[in-house]
Amino acid sequence: MTTPMKPFLSQSPEQTEKFAAEFSKKLKKGDVIALCGDLGSGKTTFVRGLFYGLHGDPAYFVTSPTFTLLHEYPTKKSPLYHFDLYRIETFEEFQRIDFEEYFGGSGRIGSAGTGVGDGICVVEWGDKIPELASEFDYKISFRFCDKNKREIVIV
Amino acid sequence: MNSSSLILGIDTSCDETSAAVVADGTRILSNIVSSQVKLHAPHGGVVPELASRSHLEILPLAVGQALDEAQIRPSDLTGIAVTSSPGLIGCLLVGLSYAKALGFSLKIPVTTVHHLKAHLFSPFLEHPPIFPFLGLVVSGGHTALYHVKSFDDIHCLGQTVDDAVGEAYDKVGKLLNVGYPGGPIIDRLAKEGNPNAFSFTRARVKKGPFYFSFSGLKTAVALLVRDQGPGTRDQGLKALGHGSPVTSHWSKFIRDIAASFQREAVGALVEKVGQAFDIYPVKAVLVAGGVACNSLLREEIKILSLKRGVDYFIPTPLLCTDNGAMIASVGDHQLSRNFKAPLDSNAYPSAPMW
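Residue numbers (my numbering), protein chains in the order written: chain A, 2 to 156; chain B, 9 to 362.
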């Protein structure tokens, strides 16, 4: 983790997508990103921007994984794994759904898994499970300012 | 038993464990749905870990009960149908592995069914099939409109580009703190509120004329709750009459939000169905999935179809939500066409309809 950057003030969902697409250029296989912020603060929109930035397969499009928990999108760079922990309450629950396998990397909780670190993982509500804090290479927080404005901070 | 086919249908794709026996594709002999809502309620949503563990524990019991109620022995079955996509992979695998093992031991064929196709055709468990039709599948995980010319000729006209409509209901329920699942509770509260109290902008989706978007509506409600309803989250359950008189400001606020939200959510769905009528000549409109239980949606679809002079079919509530009977019914069709699953067939979290 590096020091926090200057907050980005997004004035529209399109600006959030553009900002995310720009950010996606520094991502590499195995990176795990936590997205934190209230309902409607732009997390799924941000993932859509990552998908565009990584040149996602146009046959797919990014929707909320709240119900399904995980969406996988093929992109030119690597698979993009889109998680949503909205309905997960504890670390034990998280462990039992085998998501840590996707995170990969040595010394991490998922190092014994199979599909280890072959993609970029982005986790909505990533801050809900404190035990996962050390897994994240980036933490991005979203704050509601008003109807169209969102403040986005990358840590 | 004078049936040419007796199919066991199994669905474990999300929060329901279901097993059913269907004779000749349409005659429901049993339909066991062990709703796990009670198990999930403290978490404000479906908890998958609980779900897949529960499937493992409940499925054998549900199958036993389904056979008992149907008054048949396992050896009477002529085939097994099981959901293999879409859904939570862990949950799907419980049902699929069970079905394959049972089919192997009974020496009967197994067929894998696409969950959304089963929803789409679920009204035909109660009515004779009619083609072509427009089919709206609305639930917590899905919102899609289909043009269906035959059992195999299914064209998706559009789907949600962000949140499913049932997900929006659940999240609004959570914002208002009125309990889980949000759908039925919001529906009930909406009847006591003013649907014109708040107005929302209808989402216009660039992707195509029949695509839906419910994320902006959810956000608009979140903003209203934040700006106009401080205290609402604490007051939510109280305002439902749990311990306090139903006269408070919050009580009215919650009901007005519910009514206004419902009006917009249902309005957005019905508007697209109406526009699809203009382009696709059909004989009927079908609505299926958990949100098909919604009273306003049922009413509005009925009015729309009467206006257009077409039939409308919406299943009874037990067949709207996830259930094994709809899986068995589609499975029966597939097996009659010799569409059998090999022993190494897999489950898929998301797959196009087959």
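Here a beta-carbon is modelled for each residue, glycine too, at the ideal position from N, C-alpha and C.
Exercise. Based on the DSSP secondary-structure assignment, which residues constitute the bridge partners of D85 (chain A)?
Worked result: As a beta-bridge residue in DSSP terms, D85 (chain A) pairs with A:E125.
For this session: Look at the Cβ atom of L184 (chain B), then the Cβ atom of L85 (chain B), and state whether they are nearer than 7 Å.
Result: For L184 (chain B) and L85 (chain B), no; Cβs fall outside 7 Å.
For this session: Could you work out which residues of chain A lie near A230 (chain B), taking near to mean beta carbons separated by less than 8 Å?
Result: Near A230 (chain B) (Cβ distances below 8 Å), the residues of chain A are D39, L40, G41 and F145.
Problem set entry | Start and end residues, alpha helix (DSSP H) containing L232 (chain B) | L232 (chain B) -> alpha helix (DSSP H) spans S223 to Q236.
Exercise. In three-state terms, what does DSSP make of E24 (chain B)?
Worked result: In the structure shown, E24 (chain B) sits in a strand (DSSP, three-state: E or B).
Exercise. Q16 (chain A): buried (16+ other C-beta within 10 angstroms of its C-beta) or exposed?
Worked result: Answer is buried; the Cβ neighbour count reaches 16.
Problem set entry | Sequence-distant residues of the same chain with beta carbon closer than 8 Å to K19 (chain A), five excluded per side | In chain order, G50 place their CB closer than 8 Å to the CB of K19 (chain A), counting only its own chain and leaving out the 5 sequence neighbours on each side.
Exercise. Whose CA, out of A:F68, A:H72 and A:S142, lies closest to the CA of R88 (chain A)?
Worked result: The alpha carbon of R88 (chain A) has as its nearest neighbour, out of A:F68, A:H72 and A:S142, the alpha carbon of A:F68.
Problem set entry | Environment of R151 (chain A) [buried if 16+ CB atoms lie within 10 Å] | By the 10 Å Cβ count, R151 (chain A) comes out buried.
Exercise. By how many angstroms is the C-alpha of V338 (chain B) removed from the C-alpha of S26 (chain B)?
Worked result: Roughly 15 Å between the two C-alpha positions.
Exercise. For I287 (chain B), which option in B:I309, B:D76 and B:R316 has the closest C-alpha, if you only look at C-alpha atoms?
Worked result: Of the candidates B:I309, B:D76 and B:R316, the one whose C-alpha sits nearest the C-alpha of I287 (chain B) is B:R316.
For this session: Determine the chain A residues that contact K179 (chain B) at a beta-carbon separation under 9 Å, and present them in chain order.
Result: Counting only Cβ-Cβ distances below 9 Å, K179 (chain B) has contacts in chain A at L40, G41, T67 and Y87, in chain order.
Exercise. Using Cβ-Cβ distances below 7 Å, what residues of the region 146-171 of chain B are close to chain A?
Worked result: Flagged, chain order: G148, G149, T168, V169, D170 and D171.
Problem set entry | Separation of K7 (chain A) from L144 (chain B), as counted between CA atoms | If you take the alpha carbons of L144 (chain B) and K7 (chain A), they lie about 45 Å apart.
Exercise. According to DSSP, is C301 (chain B) helix, strand or coil?
Worked result: In this structure, C301 (chain B) counts as helix in the three-state DSSP scheme.
Problem set entry | Limits of the beta strand (DSSP E) - the one that A273 (chain B) falls within | Following the DSSP letters along the chain, one finds A273 (chain B) in no beta strand (DSSP E) but inside the alpha helix (DSSP H) bounded by residues H257 to I287.
Exercise. Are G282 (chain B) and C328 (chain B) touching if we call contact CB-CB under 7 Å?
Worked result: G282 (chain B) places its beta carbon 7 Å or farther from that of C328 (chain B).
Problem set entry | Coarse secondary structure for D330 (chain B), derived from DSSP in three states | In the structure shown, D330 (chain B) sits in coil (DSSP, three-state: anything other than H, G, I, E or B).
Problem set entry | Test item: CB-CB of D119 (chain A) and V33 (chain A) under 7 Å | No, these two residues do not count as a Cβ contact at 7 Å.
Problem set entry | Residue(s) in a DSSP beta bridge with L14 (chain B) | Paired residue(s): B:A31.
Exercise. Among the residues of its own chain, which have a CB less than 7 Å from the CB of C164 (chain B), if the five just before and after it don't count?
Worked result: Hits under 7 Å: A152 and Y154.
Exercise. Beta carbon of I36 (chain B), beta carbon of A333 (chain B): below 7 Å?
Worked result: Taking 7 Å as the Cβ cut-off, I36 (chain B) and A333 (chain B) qualify as a contacting pair.
Problem set entry | Contact check, A355 (chain B) vs S92 (chain B), beta carbons under 7 Å | The beta carbons of A355 (chain B) and S92 (chain B) sit closer together than 7 Å.
For this session: Examine the ligand NAD and report whether any of its heavy atoms sits within less than 6 Å of the Cβ of V121 (chain B).
Result: For the ligand NAD, the structure offers nothing, since it holds no ligand at all.
Exercise. Name the DSSP bridge partner or partners of S142 (chain A)?
Worked result: Under DSSP, S142 (chain A) shares a beta bridge with A:C37 and A:V154.
Exercise. Which residues mark the beginning and the end of the alpha helix (DSSP H) in which F9 (chain A) is found?
Worked result: Run containing F9 (chain A): none in the alpha helix (DSSP H); it sits in the beta strand (DSSP E), F9 to S11.
Exercise. In angstroms, rounded to a whole number, what distance separates the CA positions of K179 (chain B) and A228 (chain B)?
Worked result: K179 (chain B) and A228 (chain B) have their alpha carbons spaced roughly 12 Å apart.
Exercise. Residues in its own chain within less than 8 Å of F222 (chain B) by CB, not counting five upstream and five downstream?
Worked result: T151, T168, D170, D171, A172, V173, E175, A176, A211, A273 and A276, listed in sequence order.
For this session: Determine, using beta carbons only, whether T76 (chain A) comes closer than 7 Å to chain B.
Result: Closer than 7 Å: no.
For this session: Look up G108 (chain A) in the DSSP assignment and say whether it is helix, strand or coil.
Result: Because the pLDDT at G108 (chain A) is just 37, under 50, the model does not fix this residue reliably, and the value given afterwards should be weighed accordingly. Looking at G108 (chain A) - three-state DSSP - the assignment turns out to be coil, as it is neither helix nor strand.
Exercise. Thinking C-beta only, is S313 (chain B) closer than 7 Å to V293 (chain B)?
Worked result: The answer is yes: Cβ separation under 7 Å.
Exercise. Who does Q167 (chain B) pair with in a DSSP beta bridge?
Worked result: Per DSSP, B:A152.
For this session: Report the three-state DSSP secondary structure of G72 (chain A) (helix, strand or coil).
Result: Residue identity differs from the one stated: residue 72 (chain A) is His in this sequence, not Gly. It is a strand residue.
For this session: May I have the straight-line CA-CA distance separating S130 (chain B) from K77 (chain A), to the nearest angstrom?
Result: The straight-line gap separating the alpha-carbon atoms of S130 (chain B) and K77 (chain A) is approximately 39 Å.
Exercise. By the criterion of Cβ-Cβ separation under 7 Å, what are the contact partners of T91 (chain B) in chain A?
Worked result: Within chain A, no residue comes near T91 (chain B); the closest Cβ sits about 14 Å away, beyond 7 Å.
Problem set entry | chain A contact for E175 (chain B) (CB, 7 Å cutoff) | E175 (chain B) counts as touching chain A.
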